[in-house]
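Have a look at the structure below, then the notes.
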Amino acid sequence: MPPSSSSPPSCIILKHMFLAAALAIVTNSLVCSAFGTTRTTKSRIIGTLPSFSSPRKTFSLSVAGGGNVEIPGGAGQPPRMSKEEEDKVQWDLFMKHHARGKWRGTWTTYDYMGDVVDETLASVNLEADETGSAVMQTHQIVMGKATSDCKTCFDSEDVRTIPVASYTPGQLRKNRLAAAGMVTGPSLLRSGAMSTELILSYGDGRVRVIFQHAPVWARGVEPNSCPPAGLKLYRTIVCREALREEPPSFSSENENPPKRGNPKFFRPVPPFLWHKKWKGTSWTWGPSSGDRGWNVEEMDEADAWHGRPTGDTEDVWAMRIPGGILVQCPRIIQSGQLGLCRLAWLPEDDAPEGSEYDGDTSKLLRIEASISALEPVIDEENPDMMIGFYPPELGSLRCDVVQNFGDLENVSILGRDMAVESLRPKNNEVPAPPVTPAASSPPPTATEKEKQTPPPAPSSKKSSDASSSNSSGKESKKSSDGEDESDGLKAVRQALKF
1 MPPSSSSPPS CIILKHMFLA AALAIVTNSL VCSAFGTTRT TKSRIIGTLP SFSSPRKTFS
61 LSVAGGGNVE IPGGAGQPPR MSKEEEDKVQ WDLFMKHHAR GKWRGTWTTY DYMGDVVDET
121 LASVNLEADE TGSAVMQTHQ IVMGKATSDC KTCFDSEDVR TIPVASYTPG QLRKNRLAAA
181 GMVTGPSLLR SGAMSTELIL SYGDGRVRVI FQHAPVWARG VEPNSCPPAG LKLYRTIVCR
241 EALREEPPSF SSENENPPKR GNPKFFRPVP PFLWHKKWKG TSWTWGPSSG DRGWNVEEMD
301 EADAWHGRPT GDTEDVWAMR IPGGILVQCP RIIQSGQLGL CRLAWLPEDD APEGSEYDGD
361 TSKLLRIEAS ISALEPVIDE ENPDMMIGFY PPELGSLRCD VVQNFGDLEN VSILGRDMAV
421 ESLRPKNNEV PAPPVTPAAS SPPPTATEKE KQTPPPAPSS KKSSDASSSN SSGKESKKSS
481 DGEDESDGLK AVRQALKF
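So for the sequence shown, this note's numbering puts the first residue at 1; every next one is plus one.
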């Protein structure tokens with residue numbers, strides 16, 4: 001329940017220092033619960049790694065320009081790369097996938113409701129020097145454009161160039177790379193908001209998504225009168241960029257269709273294309289383990305978050321954008337809780353039958369970054385006194401590059417949706433991680449198979465009961481708000497969310 005106006009949070013202000021106890025009171029009274037994870041200590045948040053449940057093997061992390069960094073398999077944990085090896089791998093990935101020239105595109109800004117509030121033609125220039133040892137980043141933004149009706153005249157544009165940063169090996173600032181993906185941040189802006197940027201590169205195109213969270217206070221609490229209760233999403237920027245003569249658009253891609261291996265941004269992508277069998281490679285990073293590579297033989301259902309467009313909890317802000325782009329992030333990030341920012345992209349479909357590339361199936365790229373923010377800095381001499389916040393930190397990073405190798409067997413989209421709906425946590429509960437048997441476990445016997453409970457799926461008995469009750473003229477079960485709770489309508493409503 002939100003705090004009443006008669007009992008405001010007791011915050012002791014001394015050079016903008018607040019009691020940690022007051023922060024806890026305000027945080028716990030937030031109207032909308034945050035990401036849904038349980039409170040953990042700072043060390044657990046920073047050491048969190050993405051969970052895996054599908055079979056995989058370690059492999060060598062290849063770098064551009066020849067050579068690789070071998071990560072041996074076998075029993076035990078693989079050794080972490082040295083600082084020099086890690087810097088070289090990061091720089092090679094940066095040069096291979098991102099520092100390739102002028103990325104021209106359209107920057108589309110969405111508000112919290114998912115409405116488009118602004119569109120800007122711009123270019124991100126990542127240009128290396130002659131030696132390849134330094135990269136300069138600038139942004140060119142089109143401030144205005146004049147079109148000429150005269151055939152002998154040229155159109156003119158008012159372009160503003162903004163220097164951003166320069167990079168050298170070992171000095172990539174807040175950028176972290178994993179395979180074809182990159183995360184920038186989380187970082188604080190001058191306005192006080194937090195920015196987290198996810199990037200996926202494929203062929204001559206890439207997708208950039210920027211999530212911006214701003215401080216928010218509980219209902220009834222005066223802003224800036226005490227520490228914020230959390231960081232709430234207020235703006236999302238999606239950028240479709242390509243190394244082409246002009247920014248990607250529907251007309252330009254129809255006039256000059258991209259070659260195979262390059263993305264087509266403006267095309268219809270049916271929802272069922274996300275539900276396939278996927279295999280490929282996965283790159284993970286954590287502060288304690290460093291960079292690791294995995295061979296994903298087949299993506300498990302628990303890992304296929306791209307097939308759950310609305311997220312795994314009610315506190316996920318999600319949006320599916322035309323062109324095969326899915327974005328997810330926490331609505332509110334609170335102290336002591338971990339937030340997951342996600343981006344999935346289907347850059348191209350299966351190659352047409354009979355064409356030169358017949359048999360080349362669709363690709364799926366995903367990137368996932370966990371972030372933490374609002375971690376209090378406690379005074380060593382006075383444990384009850386908070387003297388500020390730690391800067392937001394990147395907790396883990398994962399990037400998947402997988403390819404379709406077939407359709408799912410004996411699974412319908414409605415059946416999958418109903419199973420996911422049945423597993424969705426209620427009342428902001430935290431879902432338990434999936435438990436899978438170890439690879440060395442013996443296969444179950446016939447008797448054990450009979451005792452096993454099948455996964456949630458549409459029940460034929462319930463369907464027949466529902467059809468018989470409807471045919472007999474009986475009213476279906478109603479919820480408290482008057483909505484029909486029959487399994488059939490639940491499945492239809494869930495399918496309409498696509």
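A virtual CB, placed ideally from N, CA and C, is assigned to each residue, including glycine. Just so we're clear, the structure is a prediction, and the values are computed from it rather than from any experiment.
Next on the checklist: If we require 3 or more residues per run, which beta strand (DSSP E) segments fall completely within the segment 268-345?
Outcome noted: 278-286, 290-296, 316-321, 325-330 and 339-345
Next on the checklist: Taking 7 Å as the limit between beta carbons, can you name the residues of its chain near threonine 168, skipping five residues before and five after?
Outcome noted: Counted from its first residue, the sequence shown places residue 168 at position 168. Correct list, in chain order: Ser133 and Ala134.
Item to check | Beta-carbon proximity list for aspartate 360, same chain, < 8 Å, skipping 5 on both sides | outcome: Start at 1 with the first residue of the sequence shown, and residue 360 comes out as number 360. Excluding positions up to five away in sequence, the list reads Arg260, Asp350 and Ala351.
Checklist entry - What are the boundary residues of the beta strand (DSSP E) that glutamate 506 is part of? => result Nothing about residue 506 can be reported from this structure: the residues present for the chain run from 1 to 498 only.
Item to check | For leucine 365 and proline 223, the rounded distance between their alpha carbons | outcome: For the purposes of this step, residue 223 is taken as the residue at position 223 of the sequence shown. For the purposes of this step, residue 365 is taken as the residue at position 365 of the sequence shown. The straight-line gap from Cα to Cα measures roughly 40 Å.
Next on the checklist: At the level of alpha carbons, what is the spacing between valine 296 and serine 370?
Outcome noted: Start at 1 with the first residue of the sequence shown, and residue 296 comes out as number 296. Start at 1 with the first residue of the sequence shown, and residue 370 comes out as number 370. Cα-Cα distance, rounded: 21 Å.
Checklist entry - Closest to glutamate 85 by CA distance: which of Leu326, Asp291 and Glu246 is it? => result Position 85 of the sequence shown holds residue 85. Out of Leu326, Asp291 and Glu246, Asp291 has the C-alpha closest to the C-alpha of glutamate 85.
Item to check | Cβ-based neighbour list, aspartate 400, same chain, cut-off 6 Å, excluding 5 preceding and 5 following | outcome: As a working mapping, residue 400 is identified with position 400 in the sequence shown. Answer for aspartate 400: Ser282 and Arg366, listed in chain order.
Item to check | Classification of phenylalanine 265 by the beta-carbon crowding that lies within 10 angstroms, buried from 16 upward | outcome: Taking the sequence shown and counting its residues from 1, one reaches residue 265 at position 265. Buried, since its Cβ has 16 or more Cβ neighbours within 10 Å.
Item to check | Assigned secondary structure, glutamate 255 (DSSP; H/G/I helix, E/B strand, else coil) | outcome: Taking the first residue of the sequence shown as position 1, residue 255 is located at position 255. Correct three-state label for glutamate 255: helix.
Checklist entry - phenylalanine 250: buried (16+ other C-beta within 10 angstroms of its C-beta) or exposed? => result To locate residue 250, count along the sequence shown from 1; it is residue 250. By the 10 Å Cβ count, phenylalanine 250 comes out exposed.
Checklist entry - To the nearest whole angstrom, what separates the beta carbons of isoleucine 199 and glycine 181, a pair I think is in contact under 8 Å? => result Along the sequence shown, read from residue 1 onward, the residue named residue 199 stands at position 199. Along the sequence shown, read from residue 1 onward, the residue named residue 181 stands at position 181. Confirmed, about 6 Å.
Next on the checklist: Are the CB atoms of threonine 284 and arginine 176 within a distance shorter than 8 Å?
Outcome noted: Along the sequence shown, one-based indexing puts residue 176 at 176. Along the sequence shown, one-based indexing puts residue 284 at 284. Cβ atoms of arginine 176 and threonine 284: not closer than 8 Å.
Item to check | Cross-strand partners of glycine 181 (DSSP beta bridge) | outcome: Along the sequence shown, read from residue 1 onward, the residue named residue 181 stands at position 181. Paired residues: Ala178 and Leu200.
Checklist entry - How many angstroms separate the CA atom of leucine 340 from the CA atom of phenylalanine 211? => result Locating residue 340 in the sequence shown gives position 340, where the first residue counts as 1. Locating residue 211 in the sequence shown gives position 211, where the first residue counts as 1. Going by the C-alpha atoms only, they are around 11 Å apart.
Item to check | Host alpha helix (DSSP H) of lysine 499 (start-end) | outcome: Only positions 1 to 498 of the chain appear in this structure, which leaves residue 499 out of reach.
Next on the checklist: Please report the distance separating the alpha-carbon of histidine 275 from that of glutamate 298.
Outcome noted: For this step, residue 275 is matched to residue 275 along the sequence shown. For this step, residue 298 is matched to residue 298 along the sequence shown. Going from the Cα of histidine 275 to the Cα of glutamate 298 covers about 13 Å.
Checklist entry - Do you know whose CA, among Gly311, Asp300 and Ile378, lies nearest glycine 280's CA? => result Here residue 280 is taken as the residue at index 280 of the sequence shown, counted from 1. Selected option, being the one with the closest Cα: Asp300.
Checklist entry - Between Glu246, Ser362, Trp305 and Glu353, which lies nearest to glycine 105 when the distance is taken from Cα to Cα? => result As a working mapping, residue 105 is identified with position 105 in the sequence shown. Ranking the options by Cα distance to glycine 105, first place goes to Glu246.
Next on the checklist: Counting C-beta neighbours from all protein chains within 10 Å, is the total for glutamate 380 16 or more, i.e. buried, or is it exposed?
Outcome noted: Start at 1 with the first residue of the sequence shown, and residue 380 comes out as number 380. By the neighbour-count rule (16 or more Cβ atoms within 10 Å), glutamate 380 is not buried but exposed.
Item to check | Pick from Tyr112, Ser166, His97 and Glu127 that is closest to cysteine 329, judged by C-alpha positions | outcome: As a working note, residue 329 is residue 329 in the sequence shown. If we check each option's Cα against that of cysteine 329, Tyr112 comes out closest.
Checklist entry - Going by the CB atoms, is the gap between threonine 109 and isoleucine 237 shorter than 8 Å? => result Within the sequence shown, residue 237 is the residue found at index 237, counting from 1. Within the sequence shown, residue 109 is the residue found at index 109, counting from 1. Yes, the Cβ-Cβ distance between isoleucine 237 and threonine 109 is below 8 Å.
Checklist entry - Considering only the beta carbon of each residue, do glutamate 241 and arginine 190 sit closer than 8 Å? => result Stepping through the sequence shown from its first residue, residue 241 is reached at position 241. Stepping through the sequence shown from its first residue, residue 190 is reached at position 190. The answer is no: Cβ separation not under 8 Å.
Next on the checklist: If you measure between the beta carbons of valine 164 and tryptophan 278, is that distance less than 8 Å?
Outcome noted: Translated into positions along the sequence shown, residue 164 becomes position 164. Translated into positions along the sequence shown, residue 278 becomes position 278. Going by C-beta atoms, valine 164 is not nearer than 8 Å to tryptophan 278.
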